[in-house]
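Engineer:
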């Protein structure tokens, strides 16, 4: 549904389930240690009497190797590989044949079997008739437009996720406590911080795209200001939660020392959440104007800065895990500064910015009504996949390792679907804002063919190369076989993920996040979890049962999404979009009502409704004039009085600041008086300092 999945953390799931697990540093080339991933890392090993399984945090770097598996020199391996490829291709050809047969029947193409030439002619005309029937506006032009948006959006999402991956990798060669703290902190930052901003930003997807495609693009700047206000309002509760995360961790049974270090990591990172929210809004602002490469370049620069700064801080200057949090927050600042500098220097804002306006304080509720369902969309999916990680850790460390490998592979796979969701959302939103219904339909038809093609390639890759994919993550044969088996179950996921994300892009482009949130909630809570959890805990399927439950739930969600999309009343969606974009401005509403065409058709003033010209001070629209009739209507339906609105907004911010003050005071109180696992006397807090050991891993 257009959301981002974050990389899981193993240690926070293992420790509650296996408090007796022993941790030991693993270095590449040390034959006395259990096998590890390429590059070394930290291995969690079971005590004696249990099967030793290596679960690596921070592995996968250059300089290590993994145990060689079967190669293509083995005849049995070659036959098995060719058989799997052949089986998958035959199945896909069968599905394509059925689809083409159904479409041919619907097209009612006359096949006359009397003459051979006639049959050949009909066969040659089939692709042309198929294209004319389903893509009357032309296929390849829209294909190129979507492709221009998809690839940069996909890479931007990937680089945003990769920031935390770099942080865990860099901390993976410090002490085990610092590794645990960094991994757990990154997970909590993702769940209780960054994912909230990602969900809220779905409202920007709707407002920015529809407004940019409409006749009054200047209002994009207005909605940019309004979105920043709402994002910063939600930022304060996020700060309050993360400032006092330590008591929650202790309540969940986490180690007191690790909980304290995790809380410190999150505290240092807190400014980065502000920069991340700002970057999300500004990235949406540029992407909906078809400028998708600047956010990509800014995200890439942020990743380079993050990797270099963390390496220097930890490995050259000798700082501890706190430096990782500071560098990660600084990287988000660099990304935010780069995108602001681009907007200012390039002048891209000139067509959509009309200056700071007090109107941004109005109609906050309309933005929130789209933002909160988007938040539920992301939060529900994030929660379900974190549940899967904890379930796997509760079954065994072997299942946890397999779950982690498959989850990381699924993250990379899902980025393709997420990029398509963003591209479809932009195109559909612009067409709806411009009142171009047929073009909006044409966009998602072309997008479906594109995502099905990419999903087929990804599915074929996972179906045939699952053993080699697992070998890239671990050299342990037991973990490798378990992950390989689980990857075969994941192979169909690109289809349901891709189709669901594409439909989600259509829903976001038309402003129907609430419907998507309801369907998503039912799919996960009423279908996926009730099926997946019992299958994983009560049967021999183990974690495979959880993924089967997810597959069934996502398939149902995809089906319902496309039923909703295909039964859309596009005239109503266009009307709702015009009122949404116009907001409280009555002159904008008159312009929307008076123009039956798109944005390009209303740039010239219509003389029949503008008998006398009067200068318009706000310059919101493409034209600087309005008629006397507009003035009279604006007098009847003007904006609400400013003083009550300003009073409500000030009261809201005062309450939020009061909440933040209480959270800060509670943080100070718990640091002075609440001591977990230590002795307290009044205000004296004895802290157990652990020896910070380092493990040098050759690169």
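In my numbering, the protein residues as written are 317 to 1015.
The beta carbon of each residue, even a glycine, is placed where N, CA and C say it ideally should be.
Here the structure is a predicted model, which is why all the values come from computation and not from measurement.
Is it right to say residue 879 is buried, meaning 16 or more other beta carbons lie within 10 angstroms of its own, or is it exposed?
Structural biologist: Numbered from its first residue, the chain shown carries residue 879 at position 563. So residue 879 ends up on the exposed side.
Engineer: Ignore the nearest five residues each way along the sequence and tell me which others in residue 694's own chain have a CB closer than 6 Å to its CB.
Structural biologist: The sequence position of residue 694 within the chain shown is 378, counting from 1. So the list reads 319, 511, 514 and 515, once near-sequence residues are dropped.
Engineer: Would you report the Cα separation of residue 372 and residue 850, rounded to the nearest angstrom?
Structural biologist: For the purposes of this step, residue 372 is taken as the residue at position 56 of the chain shown. For the purposes of this step, residue 850 is taken as the residue at position 534 of the chain shown. The predicted position of residue 372 is uncertain, since its pLDDT is 35 and thus under 50; a value taken from the coordinates is nonetheless stated next. The alpha-carbon atoms of residue 372 and residue 850 are separated by roughly 28 Å.
Engineer: Rounding to the nearest angstrom, what Cα-Cα distance links residue 819 and residue 730 in this structure?
Structural biologist: Walking along the chain shown from the start, residue 819 turns up at place 503. Walking along the chain shown from the start, residue 730 turns up at place 414. Roughly 15 Å between the two C-alpha positions.
Engineer: In this structure, does DSSP put residue 694 in helix, strand or coil?
Structural biologist: Position 378 of the chain shown holds residue 694. It is helical.
Engineer: Report back the beta-carbon spacing between residue 833 and residue 689 to the nearest angstrom; my notes put them in contact at under 8 Å.
Structural biologist: Taking the chain shown and counting its residues from 1, one reaches residue 833 at position 517. Taking the chain shown and counting its residues from 1, one reaches residue 689 at position 373. Correct: roughly 4 Å between the Cβ atoms.
Engineer: Compute the distance between the beta-carbons of residue 718 and residue 859, then report whether it is under 8 Å.
Structural biologist: In the chain shown, counting from the first residue as 1, residue 718 sits at position 402. In the chain shown, counting from the first residue as 1, residue 859 sits at position 543. For residue 718 and residue 859, yes; Cβs fall inside 8 Å.
Engineer: Could you give the first and the last residue of the continuous alpha helix (DSSP H) run that contains residue 850?
Structural biologist: The residue you call residue 850 lines up with position 534 of the chain shown. That run of the alpha helix (DSSP H) goes 845 to 854.
Engineer: Would you call the stretch 760 to 775 and the stretch 811 to 825 in contact, with 3 or more CB pairs under 8 Å?
Structural biologist: Taking 8 Å as the limit for Cβ pairs, the verdict is that the stretch 811 to 825 does touch the stretch 760 to 775.
Engineer: For residue 733, I'd like the list of residues in its chain whose CB is within less than 6 Å of its CB, leaving aside the five on either flank, ordered along the chain.
Structural biologist: Counted from its first residue, the chain shown places residue 733 at position 417. 813, 814 and 817.
Engineer: In this structure, how does DSSP classify residue 556 when only helix, strand and coil are distinguished?
Structural biologist: In the chain shown, residue 556 corresponds to position 240, counting from 1. Three-state result, residue 556: helix.
Engineer: Inspect the beta-carbon positions of residue 453 and residue 755 and report whether they are closer than 8 Å.
Structural biologist: Start at 1 with the first residue of the chain shown, and residue 453 comes out as number 137. Start at 1 with the first residue of the chain shown, and residue 755 comes out as number 439. Result yes, Cβ atoms of residue 453 and residue 755 sit closer than 8 Å.
Engineer: Can you tell me whether residue 863 is buried or exposed? The criterion is at least 16 other CB atoms within 10 Å of its CB, across all chains shown.
Structural biologist: Position 547 of the chain shown, counted from the first residue, corresponds to residue 863. Flag for residue 863 reads buried.
Engineer: Would you decide whether residue 661 is buried or exposed? Buried here means 16 or more other CB atoms lie within 10 Å of its CB.
Structural biologist: Residue 661 sits at position 345 when you count from the first residue of the chain shown. By the neighbour-count rule (16 or more Cβ atoms within 10 Å), residue 661 is not buried but exposed.
Engineer: Helix, strand or coil: how does DSSP classify residue 670 here?
Structural biologist: Locating residue 670 in the chain shown gives position 354, where the first residue counts as 1. Reduced to three states, the DSSP call for residue 670 is coil.
Engineer: Given this structure, state the Cα-to-Cα distance separating residue 623 from residue 467, to the nearest angstrom.
Structural biologist: Within the chain shown, the letter at position 307 stands for residue 623. Within the chain shown, the letter at position 151 stands for residue 467. Roughly 23 Å between the two C-alpha positions.
Engineer: Taking contact to mean at least 3 C-beta pairs separated by less than 8 Å, is the stretch 492 to 511 in contact with the stretch 635 to 645?
Structural biologist: Yes: the two stretches touch, three or more of their Cβ pairs being nearer than 8 Å.
Engineer: Between which two residues does the alpha helix (DSSP H) harbouring residue 733 extend?
Structural biologist: For the purposes of this step, residue 733 is taken as the residue at position 417 of the chain shown. Residues 713 to 749.
Engineer: Flag this pair as touching only if the stretch 601 to 620 and the stretch 567 to 578 have three or more C-beta atom pairs under 8 Å; answer yes or no.
Structural biologist: Touching, no, given that fewer than three Cβ pairs across the two stretches are closer than 8 Å.
Engineer: Is it right to say residue 496 is buried, meaning 16 or more other beta carbons lie within 10 angstroms of its own, or is it exposed?
Structural biologist: As a working mapping, residue 496 is identified with position 180 in the chain shown. Flag for residue 496 reads buried.
Engineer: Is it the case that the Cβ atoms of residue 722 and residue 844 are separated by a distance below 8 Å?
Structural biologist: Within the chain shown, the letter at position 406 stands for residue 722. Within the chain shown, the letter at position 528 stands for residue 844. Cβ atoms of residue 722 and residue 844: not closer than 8 Å.
Engineer: Are there 16 or more other CB atoms within 10 angstroms of the CB of residue 667, so buried, or fewer, so exposed?
Structural biologist: In the chain shown, residue 667 corresponds to position 351, counting from 1. The residue in question, residue 667, is exposed, as its Cβ has fewer than 16 Cβ neighbours within 10 Å.
Engineer: From this set, 775, 462, 699 and 854, which residue's C-alpha is nearest residue 836's C-alpha?
Structural biologist: For the purposes of this step, residue 836 is taken as the residue at position 520 of the chain shown. Taking only the C-alpha atoms, the option nearest residue 836 is 699.
Engineer: Use the C-beta contact count for residue 630: other C-beta atoms within 10 angstroms, 16 or more gives buried, fewer gives exposed.
Structural biologist: What you label residue 630 is simply residue 314 of the chain shown in a count that begins at 1. When all chains shown are included, residue 630 counts as buried.
Engineer: As an exercise, report each continuous alpha helix (DSSP H) stretch of at least 4 residues that is fully enclosed by the stretch 859 to 903, in chain order.
Structural biologist: With a minimum length of 4 residues, the continuous alpha helix (DSSP H) runs that stay inside the stretch 859 to 903 are 859 to 882 and 886 to 898.
Engineer: Can you name, in chain order, every residue of its own chain whose Cβ lies under 6 Å from the Cβ of residue 753, other than the five neighbours on each side?
Structural biologist: Position 437 of the chain shown, counted from the first residue, corresponds to residue 753. Result list for residue 753: 886, in chain order.
Engineer: When you compare each of 676, 870, 775 and 789 to residue 696 by their alpha carbons, which one comes out closest?
Structural biologist: Position 380 of the chain shown, counted from the start, is the residue given in the question as residue 696. With distances taken between Cα atoms, residue 696 lies closest to 870.
Engineer: Would you mind sorting residue 966 into buried or exposed? The rule is 16 or more other CB atoms within 10 Å of its CB.
Structural biologist: For the purposes of this step, residue 966 is identified with residue 650 of the chain shown, where counting begins at 1. Burial call: exposed.
Engineer: Assuming residue 603 and residue 896 are in contact, meaning their beta carbons sit under 8 Å apart, how far apart are those beta carbons, in whole angstroms?
Structural biologist: Taking the first residue of the chain shown as position 1, residue 603 is located at position 287. Taking the first residue of the chain shown as position 1, residue 896 is located at position 580. With a Cβ gap of about 19 Å, residue 603 and residue 896 do not count as contacting.
Engineer: Can you find the residues in the same chain that come closer than 8 Å, C-beta to C-beta, to residue 854, ignoring five residues on each side of it along the sequence?
Structural biologist: On the chain shown, position 538 is the one that residue 854 refers to. Taken in chain order, the list of residues that qualify is empty.
Engineer: For residue 652, does the three-state DSSP call read helix, strand or coil?
Structural biologist: As a working mapping, residue 652 is identified with position 336 in the chain shown. The answer is helix: DSSP assigns residue 652 an H, G or I state.
Engineer: Do residue 804 and residue 779 count as a contact pair if the criterion is CB distance below 8 Å?
Structural biologist: Here residue 779 refers to the residue found at position 463 when the chain shown is read from its first residue. Here residue 804 refers to the residue found at position 488 when the chain shown is read from its first residue. Taking 8 Å as the Cβ cut-off, residue 779 and residue 804 qualify as a contacting pair.
Engineer: Just reading off the alpha helix (DSSP H) that residue 760 is part of, what are its end residues?
Structural biologist: Residue 760 sits at position 444 when you count from the first residue of the chain shown. Here the alpha helix (DSSP H) through residue 760 covers 753 to 780.
Engineer: Would the beta-carbon of residue 875 fall within 8 Å of that of residue 848?
Structural biologist: For the purposes of this step, residue 875 is taken as the residue at position 559 of the chain shown. For the purposes of this step, residue 848 is taken as the residue at position 532 of the chain shown. Against a cut-off of 8 Å, the Cβ pair of residue 848 and residue 875 comes out as no contact.
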